[in-house]
Structures are given as C-alpha cells and as structure tokens.
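Numbering (our numbering), first residue to last: 20 to 268.
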Amino acid sequence: MTDEGDFRVGDVLSVACPFTATTVEQGVTGDEVSVRWPWWEIDDDCAFARWNGVVALGVDGGGHVAPEVAAGLFRTEPPPEQLGAGASCRVGVPPTVVHVTAVDHHDPPLETAWLPRPTSTVTVLRRGLSYREFPDGSHLDGSGFTIHPGDGIPFTFELLMRPYASLRAGDEVADAVGRAWRFDGAWDWTAFDGDPAGAGPEWPLVLLTRAGAPCSTRDAEAVAASTRTGSHQETLRVWTELTDASPTP
C-alpha cells in the first residue's frame, strides 16, 4: 500500500512515518507536548481558523487520559519528558500495528486550516486497543486516531491482513449450509433468514450478487477460491491475534 492506498474497516496495517527534525514549542504540559509540525503548510484561505504551525502530541501520562487519546501514533526522539521549549527533536511514527475502525472520503477536500487539504480520513487503533463507547456527553471518540493519507505526512502502510478481501460491501452470498447472507464488512454479516448470525457464515461461500446485479464468473471464482479452506471463525482468530483487539461493532 502507498500513502494514498485504499483502506477498509477491519484492515490490519503496519504504519510508519520517517522521523523528521523539528523543534519543541512547549514542553510537556498536562498530557501534551507541542512541536513545530514539519510537513504541513498554513492554509491562508481557511474560512474558520488560522493554524499556527504547531501540533500538540498526546503523551501517555500513566492512565490520566484515555489510551485512545493519550499517545496516538507519533513519537518524539528524545521522549517528551526530556524535552523543553525550544529544544531540538525528531518526530515520527515507528512501525506500529493498527486496525482500521472507520474510513471517510471528502469531496470537496476537507478544510482543516492546513495544506494540503485531505480527501480521506482513516481512523485507526493501535494494537491492544478496541473501540469502546464513552459516557454520554464525553468529548472522547473511542474509534481511535485519525490519519489523512496523502496530506503531506510521508506515511507508509503495509497491509498485514484484509479479512474477506475478495468481497465488497453489499455482496450477497450463500454459505455451505444454504443460508443467504449480506456482507457489509468483515464482521458485519446479516442473514436473510432473520435468525441470529451465530458463528457466522459457513465456508465455502458462493457469491450471488454484486452491487445488486448477478455477479461475474470471475468474481464468483475469486470468492469461492478465497473461502475454499478455513472458516469465518479462523479468520476472526487470526485477526484477533494480529490486533489483540475486538472487532469494531
């Protein structure tokens, strides 16, 4: 995958960003350290805000804030506790395993107060973290850390796993025991018989329709081949081992 590759909810990725020289604007204050951001430019045409070129990075303060928010993906070298205002440092992302919890596309590009304006937002959680609801009225969003591929930050992405890569949202399939299902994501299956999903579809799967129309022979063969061996539960087990997390509901 490139920095502007396609993404799906459920993808397991290794994400990284080269460490780049910058300076600290403000040392650790509360749960943040502020640095001069080396990749974006100020958007002088932004209608609602004027960005000052500084980004505040979350610092893992030992449980004082939610882990989804505390550390994000970016790290500083040296670590934040060794930095003060005006200090030189490097900022980047070491290779980090994440899973995708949400994907949004923006047309026109999203106005953010910096340039380039992003055309997509990918939300991820680091390995060991699962989506969770926060109490009513909380400002927190337990879906994770947002990335804007193609916004100037030189991310690299390695796709470690894409469950059901041969299927597309909206596909209708029949499973090995004759149940018909609608696929809306790796862990989002609806059985047409109205019964609970239970352990999920029984492999192998037969693709019935794609985008509401009869599927092509090529697409049907791809789905059949990819589900000839293994099972839905085995796919979930491998995904869980990679992410150390629960699927996003």
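From the three backbone atoms N, C-alpha and C, an ideal C-beta is built for every residue, glycine too.
Given residue i, which residues of its chain have a CB within under 8 Å of its CB, disregarding the five upstream and five downstream residues?
i, result
"GLY189", "ARG201, PHE202, ASP203, ARG229, ALA230, GLY231"
"PHE174", "ASP22, VAL34, ALA35, CYS36, VAL112, ILE166, PRO168"
"ALA243", "PRO223, LEU224, VAL225, LEU226"
"SER235", "ARG229"
Tell me which residues share the same chain as residue i and place their Cβ nearer than 6 Å to its Cβ, disregarding the 5 neighbours each side in the sequence.
i, result
"SER149", "ALA264, SER265"
"LEU76", "VAL52, PHE93"
"ARG247", "PRO223"
From what residue to what residue does the beta strand (DSSP E) around residue i run?
i, result
"THR39", "31-48"
"HIS118", "107-124"
"TRP200", "199-202"
"LEU144", "139-145"
"THR95", "94-96"
Rounded to a whole number of angstroms, what is the C-alpha to C-alpha distance between residue i and residue j?
i, j, result
"GLU260", "ALA66", "45 Å"
"ASP194", "GLU152", "33 Å"
"THR142", "ALA121", "5 Å"
"VAL110", "GLU51", "14 Å"
"GLU130", "GLU60", "13 Å"
"ALA116", "HIS251", "For the sequence presented, residue 116 should be read as Val rather than Ala. About 22 Å."
"GLY91", "PHE164", "6 Å"
"PHE211", "PRO220", "12 Å"
"PRO114", "ARG237", "36 Å"
Compare the C-alpha of residue i against each of the options and name the closest.
i, options, result
"ALA132", "ARG69, VAL116, LEU102", "ARG69"
"PRO127", "VAL117, THR254, THR138, LEU134", "THR138"
"GLY105", "VAL43, VAL54, GLY171", "VAL43"
"ARG198", "GLY213, VAL31, TRP206", "GLY213"
"TYR183", "ILE172, LEU224, PRO135, PHE211", "LEU224"
"ARG136", "PRO97, VAL116, GLY171", "GLY171"
"PRO233", "PRO220, GLU191, GLU221", "GLU191"
"ASP63", "ASP160, GLY72, PRO97", "GLY72"
"THR41", "SER107, PHE164, ASP25, PRO97", "SER107"
If you follow the alpha helix (DSSP H) that residue i is part of, which residue opens it and which one closes it?
i, result
"ALA243", "236-245"
"TRP208", "Segment 208-210 is the beta strand (DSSP E) holding TRP208; no alpha helix (DSSP H) there."
"GLU19", "Since the displayed the chain opens at 20 and closes at 268, residue 19 lies outside it and no answer follows."
Report all residues from its chain with a CB closer than 7 Å to the CB of residue i; omit the five preceding and five following residues, and keep chain order.
i, result
"ALA241", "SER185"
Going by the CB atoms, is the gap between residue j and residue i shorter than 8 Å?
i, j, result
"GLY46", "LEU102", "yes"
"ASP30", "LEU178", "yes"
"VAL119", "MET180", "no"
"VAL78", "PRO99", "yes"
"THR95", "VAL54", "yes"
"ALA146", "THR267", "First, the residue type needs correcting, since residue 146 is Arg and not Ala in the sequence shown. No, these two residues do not count as a Cβ contact at 8 Å."
"ALA218", "TRP208", "no"
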